[in-house]
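Reading through the structure tokens given below for one structure.
In the numbering used here, the protein residues as written are 15 to 235.
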């Protein structure tokens, strides 16, 4: 759904580009996009801070009543629109999400064994394809601040070690609750993602000194 560019909250929205990742049919891609669209607002008070030491520079609980507003889109804006992005960050995607279909990679996800990724089997090739998605997105969209991979319809309880750490597992719709997608979107706000977007915003608007200010950041938990 398009966002009114003249809306008073339009400049506050983070433009998120959704792109197909790996082997995925157009119909499946659009279904995944439709699951994401309703969860375009995240209240910071609902986000669990990332406990890892290197991910705690910015705590979302610093401003629990604040919100992160996303604008999910499947296309890049025209060059004439992006040209003013240094003055309005909302004009250019700050986040790129690769949407992958877990059903297409079920064999690779289910396979076990240390040699599975070593030999050039179909399983190994599929694993390699998924593992390279984030790097490919960084090359194609270098100006984006955050690059993540959403692996839809994945029933695994935890992230396999061969997948990049930027991967977020999305369970099948049949196994999802009313808050599943909300939780997935909240993961986008955790740790480095929100920290990097805020750093980018401060630098672009000329407030580099506030990068180290305790008003915006706090170290520790």
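Glycine included, C-beta positions come from ideal geometry on N, C-alpha and C.
Please list the terminal residues of the continuous alpha helix (DSSP H) segment that includes residue 140. Sequence index remark: in the chain shown, residue 140 carries index 126 (1-based). 136-145 is the span of the alpha helix (DSSP H), which, as asked, contains residue 140.
Going straight from the alpha carbon of residue 182 to that of residue 48, what length do you get? As a working mapping, residue 182 is identified with position 168 in the chain shown. As a working mapping, residue 48 is identified with position 34 in the chain shown. Cα to Cα, residue 182 sits roughly 17 angstroms from residue 48.
Just to confirm before moving on: does the CB-CB distance between residue 104 and residue 42 stay below 7 angstroms? Taking the chain shown and counting its residues from 1, one reaches residue 104 at position 90. Taking the chain shown and counting its residues from 1, one reaches residue 42 at position 28. Their beta carbons are not under 7 angstroms apart, which means residue 104 does not touch residue 42 by this criterion.
Give me whichever residues DSSP pairs with residue 161 in a beta bridge. Here the question's residue 161 lines up with position 147 in the chain shown. Bridge partners of residue 161: 110.
Name the one or two DSSP bridge partners that residue 84 has. Against the chain shown, residue 84 aligns to sequence position 70. Looking at the DSSP assignment, residue 84 forms a beta bridge with 28.
Residues in its own chain within less than 6 angstroms of residue 58 by CB, not counting five upstream and five downstream? Reading the chain shown from its first residue, position 44 is the one you call residue 58. Result list for residue 58: 74, 77, 78 and 80, in chain order.
When you compare only the Cα positions, how much space is there between residue 191 and residue 171? As a position in the chain shown, residue 191 is number 177, starting the count at 1. As a position in the chain shown, residue 171 is number 157, starting the count at 1. Between residue 191 and residue 171, the C-alpha separation is close to 15 angstroms.
Should residue 115 go down as buried or exposed, given a rule of 16 or more other Cβ atoms within 10 Å for buried? One-based indexing of the chain shown puts residue 115 at position 101. Looking at its Cβ environment, which holds 16 or more other Cβ atoms inside 10 Å, residue 115 is buried.
Spatial neighbours of residue 35 within its chain, please: C-beta separation below 7 angstroms, excluding the five flanking residues on both sides. The sequence position of residue 35 within the chain shown is 21, counting from 1. So the qualifying residues of the chain are 112, 113, 114, 147 and 163.
Measure how close the beta-carbons of residue 55 and residue 83 come, nearest whole angstrom, since I'm counting them as under 8 angstroms. Here residue 55 corresponds to residue number 41 of the chain shown, with the count starting at 1. Here residue 83 corresponds to residue number 69 of the chain shown, with the count starting at 1. Right, their Cβ atoms sit about 5 angstroms apart.
Do you know whose CA, among 87, 102 and 88, lies nearest residue 94's CA? Counted from its first residue, the chain shown places residue 94 at position 80. Among 87, 102 and 88, the Cα nearest to that of residue 94 belongs to 102.
In this structure, does DSSP put residue 203 in helix, strand or coil? In the chain shown, the residue the question calls residue 203 occupies position 189. Coil, per DSSP.
Three-state secondary structure assigned by DSSP to residue 131: Within the chain shown, the letter at position 117 stands for residue 131. Confidence at residue 131 is low in this model, with a pLDDT of 44, below 50, so the placement of that residue is unreliable and no value is reported for it.
Taking only three categories from DSSP, how would you classify residue 35? By 1-based counting over the chain shown, the position of residue 35 is 21. Here residue 35 sits in coil by DSSP.
On the criterion of 16 or more Cβ atoms from any shown chain inside 10 Å, does residue 40 qualify as buried, or is it exposed? For the purposes of this step, residue 40 is taken as the residue at position 26 of the chain shown. Residue 40 is exposed by the Cβ-count criterion.
Would residue 166 pass as a contact of residue 184 if the rule is Cβ separation under 7 angstroms? Against the chain shown, residue 166 aligns to sequence position 152. Against the chain shown, residue 184 aligns to sequence position 170. In contact: residue 166 and residue 184 (Cβ atoms closer than 7 angstroms).
Would you mind sorting residue 107 into buried or exposed? The rule is 16 or more other CB atoms within 10 Å of its CB. Position 93 of the chain shown, counting from 1, holds the residue named residue 107. When all chains shown are included, residue 107 counts as buried.
Starting from residue 45, trace the alpha helix (DSSP H) in both directions and tell me its first and last residue. For the purposes of this step, residue 45 is identified with residue 31 of the chain shown, where counting begins at 1. That run of the alpha helix (DSSP H) goes 40-50.
Cβ-Cβ separation, residue 109 to residue 30 (assumed contact under 8 angstroms), whole Å: The sequence position of residue 30 within the chain shown is 16, counting from 1. The sequence position of residue 109 within the chain shown is 95, counting from 1. With a Cβ gap of about 5 angstroms, residue 30 and residue 109 count as contacting.
With a Cβ-Cβ cutoff of 7 angstroms, do residue 37 and residue 118 count as a contact? Residue numbering aside, residue 37 sits at position 23 when the chain shown is read from its first letter. Residue numbering aside, residue 118 sits at position 104 when the chain shown is read from its first letter. Their beta carbons are under 7 angstroms apart, which means residue 37 touches residue 118 by this criterion.
Could you check the C-alpha separation between residue 92 and residue 145 for me, to the nearest Å? By one-based count along the chain shown, residue 92 stands at place 78. By one-based count along the chain shown, residue 145 stands at place 131. Those two C-alpha atoms are separated by around 30 angstroms.
Roughly how many angstroms lie between the CA atoms of residue 159 and residue 152, to the nearest whole one? Here residue 159 refers to the residue found at position 145 of the chain shown. Here residue 152 refers to the residue found at position 138 of the chain shown. Near 9 angstroms, if we compare the C-alpha coordinates of residue 152 and residue 159.
Which residue or residues does DSSP assign as beta-bridge partners of residue 166? Translated into positions along the chain shown, residue 166 becomes position 152. Paired residue(s): 115.
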